[in-house]
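A.B. asks: Below is one structure. I have some questions about it.
Chains as they are written, first to last, in the working numbering: chain X, 2 to 482; chain W, 19 to 349.
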């Protein structure tokens, strides 16, 4: 494994090794350790880790493949390391952003000041698929809408972090952060200890604390549940994992029923009231009497109970409005509007196709841009210009012209890379970073988050459904002085 | 606990017990054939009869030969009671209640399934069937051991144990039914000691041979039936299973034994009392097959009553019951 000293970055920013081929600060121990391993040892450790994940059943289902196809989320043993000074900035930036977005959601469903002041165009809000008329005039418990967020960050060729997407609906992946850490601790115990890595394991505890905070004041020990679409959902493992770690109920829609103005669980001893739901089902499906009537996953009458304040939900229905990729383009102004500050973490420059000038530019330069639909996730509904075929570009051109409101475009980023095990070599692969943020009594940012890696050479798509994998993310403690 | 969760844990355990029993039947049959090679092809039909699923078998096969029957009972995914289907169903149930069972149980069951799915499993089942079916049996034992030693013996565990007991009672009755019918055309031979290797095999398939010997010494069809139905201490006898199921059921409801608060308790109590006040001679006089057939019907009703009492308060909720069919040989 000589490759770790390789300084051929092919023009990309490498997270672990600088341009001169020298390990970045905090990475020295890792490089030393890996270079000291006997030939083939790292590959063996990698295989052992994968076998362990399969045995533990940490798998996900890929939509559209053969029924029952289970895969482990590919995992790469070489961690991504973030020094403490960089992390401090990320953490401050995320706190600022989440605070502002929460203010924004509260405002647009209530006073609409930001719309009246023409900072964000009103028709953009009202035309969004994720805008929920049903939430107008509503304030959720403690005034919090976006309790759990998984913001996608990328590092560009300039070495700066940018916000790529705000995921405020049901971001998944945090269970992999916890499991990856377990595997890495077993794989490199001494190295781990010496490197002074900040721990991530208190996430379930923080999540529970936040959910308890949402229950009505007088409630001594609220009954809390994680609402899952069920075991065939691709993130089912995570739902079950989190409820197990928190020691709360894991419920499906069919386990719940509205009766006497409250939501109850069907138990072997009759009905039992439930007070807080961490729901992992999209707005569209949570209540067939309000949203999609064909939903089999939700609970009839849930919204009514919710609006009467008799059950709390995280995240609040309606939060998805801030997840719209066109709204995203306005987030720097949104931050400024509510906090009076400049955004600490910048956005990726974004062309808004509903603006005529931007649209003309996008249609003209489609082969060099990344085009995204406003409300898709998981790497679907996306065009990566430089990697696209002529037919795909023509298809997206038509889509944009037919519904410009629904599209944005961004320059193709040269995402940073992390050395990754490929066969019996180590090569650079592109990564992003998804930290998880909890908004309860305070705003908590889990140190690190999920580093997703595009395992295909040159690929920029890191989604697990599109051949991505993950890495453990080490945020280092500050140097002791 | 959630009704759905109780349902899943109950069925998870029934499926594992079912898989184990299929492996037992096959294992003993294979052993038996070594001693009577000339009758090789006569012994596979009764095995399918034990399951009550001849119709399903005959949808695709006409010939009850070893290979076809082994495939059907072990690996056929379209047959819901094959070992593989049972283990897969148990695992699906386990997956839906991962947060309830211990990780040891989940990992073991997951591994059980993954191993069974491998090509090598089919190879081993064909080349070294004895070892293969023994492994299935031991994995089921390991699962039951993990259930007992890594999970709190609370409500969920009691539902699990009820599942095991009802399934086991049903399977013991089936093996006895089939063999009795096959082996004893004349009722007057019932008290005659016949040193028939086949009766030993009936006992063996319930791991009962050695325990039986301690109790009765000589092998007579009457005593074999008596032991497998009425023995108070043997853990695979029908009476024992029903008596234990009753204990677990009353632990769940908190009702003292002897009193009744719901129809599940009523059914189970009545079944146990009937077994207590019946003896083997009565059974044989009125027809063992009729007796066992009636028992199996009552086990199925039991399962249904447990479902309606605990698993679906809401009548519209769908349940995934899978009682085995009742058409076990009509002569």
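Where is the CB? At the ideal position from N, CA and C, for every residue including glycine. Please read all numbers here as calculations on a predicted model, not as lab measurements.
For residue 263 of chain W and residue 280 of chain X, what's the separation of their Cα atoms in angstroms?
C.D. replies: 37 Å
A.B. asks: Taking the C-alpha atoms as reference points, what is the distance between residue 451 of chain X and residue 95 of chain X?
C.D. replies: In a straight line, the C-alpha of residue 451 of chain X is about 15 Å away from that of residue 95 of chain X.
A.B. asks: Where are the alpha helix (DSSP H) runs, 4 residues long or more, that stay fully inside the region 48-76 of chain W, in chain order?
C.D. replies: 63-69
A.B. asks: State the CB to CB distance for the pair residue 112 of chain W and residue 119 of chain W, rounded to an integer number of angstroms; the pair is presumed to be in contact (CB under 8 Å).
C.D. replies: 6 Å
A.B. asks: DSSP three-state label for residue 82 of chain W, please.
C.D. replies: coil
A.B. asks: Please tell me whether residue 247 of chain X has its Cβ less than 7 Å away from any Cβ of chain W.
C.D. replies: no
A.B. asks: Do residue 360 of chain X and residue 405 of chain X have their C-beta atoms within less than 7 Å of each other?
C.D. replies: yes
A.B. asks: Pull up the DSSP beta-bridge partners for residue 60 of chain X, would you.
C.D. replies: X:73
A.B. asks: Can you list, in chain order, the residues of its chain whose CB lies under 7 Å from that of residue 28 of chain X, leaving out five sequence neighbours each side?
C.D. replies: 17, 82
A.B. asks: Using three-state DSSP, classify residue 36 of chain X as helix, strand or coil.
C.D. replies: helix
A.B. asks: Establish whether the CB of residue 328 of chain W and some CB of chain X are separated by less than 7 Å.
C.D. replies: At least one chain X Cβ lies under 7 Å of residue 328 of chain W.
A.B. asks: Tell me the DSSP secondary structure of residue 29 of chain W in three-state form.
C.D. replies: In the structure shown, residue 29 of chain W sits in a helix (DSSP, three-state: H, G or I).
A.B. asks: Between the alpha carbons of residue 294 of chain W and residue 247 of chain W, how many angstroms are there, rounded?
C.D. replies: As the crow flies, the alpha-carbon of residue 294 of chain W is around 11 Å from that of residue 247 of chain W.
A.B. asks: Just reading off the alpha helix (DSSP H) that residue 124 of chain W is part of, what are its end residues?
C.D. replies: 121-134
A.B. asks: With a 10 Å radius around its C-beta and 16 neighbouring C-beta atoms as the bar for buried, classify residue 39 of chain W as buried or exposed.
C.D. replies: buried
A.B. asks: Flag residue 169 of chain X as yes if its beta-carbon sits less than 7 Å from any beta-carbon of chain W, otherwise no.
C.D. replies: Against chain W, the CB of residue 169 of chain X has no partner CB under 7 Å away; the residue lies outside that interface.
A.B. asks: Can a CB atom of chain X be found closer than 7 Å to the CB of residue 67 of chain W?
C.D. replies: no
A.B. asks: Residue 233 of chain W lies in the alpha helix (DSSP H); which residues open and close that run?
C.D. replies: 227-234
A.B. asks: Taking 7 Å as the threshold (beta carbon to beta carbon), is residue 56 of chain X in contact with chain W?
C.D. replies: yes
A.B. asks: Is it a yes or a no for the region 308-325 of chain X touching the region 162-180 of chain X, going by three-plus beta-carbon pairs under 8 Å?
C.D. replies: These segments touch.
A.B. asks: For a contact defined as C-beta to C-beta under 8 Å, what are the partners of residue 252 of chain X on chain W?
C.D. replies: Going along chain W in sequence order, the residues near residue 252 of chain X (Cβ under 8 Å) are 20.
A.B. asks: Kindly indicate if chain W contains any beta-carbon less than 7 Å away from that of residue 244 of chain X.
C.D. replies: yes
A.B. asks: If contact is defined by three or more beta carbon pairs under 8 Å, each pair taking one atom from either stretch, is the region 270-278 of chain X in contact with the region 209-223 of chain X?
C.D. replies: yes
A.B. asks: Taking C-beta to C-beta, are residue 377 of chain W and residue 174 of chain W nearer than 7 Å?
C.D. replies: The displayed coordinates of chain W run from 19 to 349. Any statement about residue 377 of chain W would go beyond what the structure contains.
A.B. asks: Between the beta-carbon of residue 455 of chain X and the beta-carbon of residue 431 of chain X, is there less than 7 Å?
C.D. replies: yes
A.B. asks: Any C-beta of chain W sitting closer than 7 Å to the C-beta of residue 256 of chain X?
C.D. replies: yes
A.B. asks: Output needed in chain order: residues of the region 274-303 of chain X with a Cβ under 9 Å from some Cβ in chain W.
C.D. replies: The residues in question: there are none.
A.B. asks: Would a check of beta-carbon distances place residue 129 of chain W closer than 7 Å to chain X?
C.D. replies: Under the 7 Å criterion on CB atoms, residue 129 of chain W is classed as interfacial with respect to chain X.
A.B. asks: Can you give me the C-alpha to C-alpha distance between residue 200 of chain X and residue 161 of chain W, rounded to a whole angstrom?
C.D. replies: In this structure, the CA atom of residue 200 of chain X is about 34 Å from the CA atom of residue 161 of chain W.
A.B. asks: Rounded to a whole number of angstroms, what is the C-alpha to C-alpha distance between residue 31 of chain X and residue 103 of chain X?
C.D. replies: 39 Å
A.B. asks: Against chain W, with Cβ distances strictly below 7 Å, would residue 268 of chain X count as a contact?
C.D. replies: yes
A.B. asks: Would you kindly work out how many angstroms separate the C-alpha atoms of residue 186 of chain X and residue 43 of chain X, rounded to a whole number?
C.D. replies: 15 Å
A.B. asks: May I have a chain-ordered list of the alpha helix (DSSP H) segments no shorter than 4 residues that lie completely inside the region 135-160 of chain W?
C.D. replies: Secondary structure within the region 135-160 of chain W: the alpha helix (DSSP H) runs of 4 or more consecutive residues, fully enclosed, are 137-145 (chain order).
A.B. asks: Could you tell me which chain X residues have their CB closer than 9 Å to the CB of residue 114 of chain W, listed as they occur along the chain?
C.D. replies: 231, 232, 237, 241, 251, 253
A.B. asks: Can you look up residue 169 of chain W in the DSSP assignment and give me helix, strand or coil?
C.D. replies: Note: residue 169 of chain W maps to coil in three-state DSSP.
A.B. asks: Please state whether the Cβ-Cβ distance between residue 30 of chain W and residue 196 of chain W is less than 7 Å.
C.D. replies: no
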